[in-house]
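FYI, in full-length UniProt numbering the residues of the sequence shown are 1 to 205. Working notes, beginning with the structure itself.
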Amino acid sequence: MTQARGKFISFEGIDGAGKSTHIGFVSSYLRERGLELVSTREPGGTPLGEKLRELVLHEKMHLETEALLMFASRREHLAQVIEPALASGAWVISDRFTDASFAYQGGGRGLGRDKLDALEQWVHPDLQPDLTLLFDVPLEVARARLDATRALDKFEQEKADFFAAARAEYLRRAAQFPARFRVIDSTQTIAAIQLQLAALLDAIL
């Protein structure tokens, strides 16, 4: 018998939206149901990707260089981690995927959507997440959460208009691809969000 393909779930949201809080819950929920799970992140996810992550998050560079490095890391991530895991029947959950490039390099930085579309079609023309969880909060809530955390990387230090544009692009993507996106109101309590996540996961199990 052919091995059933695993499912691919991506977590998205502007910095401070709270998505990272819920990755552990989703991981535990799926593992408790007997699923093999690979938990990863972007940029990063591979030894090369982690080196590129350090450059992208901390070095100043041309906008197009930043976008190209993001997709270079993603291609390696797909080849070394995501595609083999899915083929083996494992489920993959990733802290960010290509929607983040549209939000940050596109919405926030202003890179033309046509260039991002071209990179997406080049790097993964036939693969998208089965489910994208978009954690959405007003900008002031996200900023308050960031101010209470660790030292900030170069994206987290951006001004309000950057995050407003990134959030708007995330919501545009969610409207464009309603079959795979679920928008989570991340101003709710953690318990309320986890109930919502459990119901979404049960629906695809």
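Using N, Cα and C, we set each Cβ at its ideal position, and we do this for glycine too. Owing to the predicted nature of the structure, the values given are computational and were not obtained by experimental measurement.
- Boundaries of the alpha helix (DSSP H) harbouring V26: 19 to 31, taken from the DSSP string.
- Membership of V183 in the beta strand (DSSP E) is indicated by the continuous run 181 to 185.
- With at least 16 other beta carbons inside 10 angstroms of its own, F163 counts as buried.
- Here the alpha carbon of A67 sits roughly 17 angstroms from the alpha carbon of D95.
- In the three-state reduction of the DSSP assignment, E59 falls in the coil class.
- Taking a cut-off of 8 angstroms for Cβ pairs, the stretch 115 to 128 and the stretch 92 to 107 touch, as three or more such pairs fall below it.
- Within the same chain, G16, A160, F163 come within 8 angstroms of R143 by CB-CB distance, once the 5 residues on both sides are set aside.
- In the three-state scheme derived from DSSP, where H, G and I count as helix and E and B as strand, S94 is classed as strand.
- In the three-state scheme derived from DSSP, where H, G and I count as helix and E and B as strand, F135 is classed as strand.
- For R33, the number of other beta carbons within 10 angstroms of its own is below 16, and it is reported as exposed.
- According to the DSSP secondary-structure assignment, I9 is paired through a beta bridge with I93, L131.
- Under a 10 Å Cβ-count criterion, T132 is classified as buried, with 16 or more other Cβ atoms of the shown protein chains found around its own Cβ.
- Under the three-state reduction of DSSP, T40 is assigned to strand.
- Looking from the CA of A166, the closest CA among D136, I184, I190, R180 belongs to D136.
- Burial check for E169: the Cβ neighbour count within 10 Å reaches 16 or more, so the residue is buried.
- Counting C-beta atoms within 10 angstroms of its own C-beta, E59 has fewer than 16 neighbours from the protein chains shown and is therefore classed as exposed.
- When DSSP states are grouped into helix, strand and coil, R172 belongs to the helix group.
- Contact between the stretch 46 to 55 and the stretch 188 to 196 is absent: fewer than 3 CB-CB pairs across the two stretches fall below 8 angstroms.
- The continuous alpha helix (DSSP H) containing V123 extends over residues 113 to 123.
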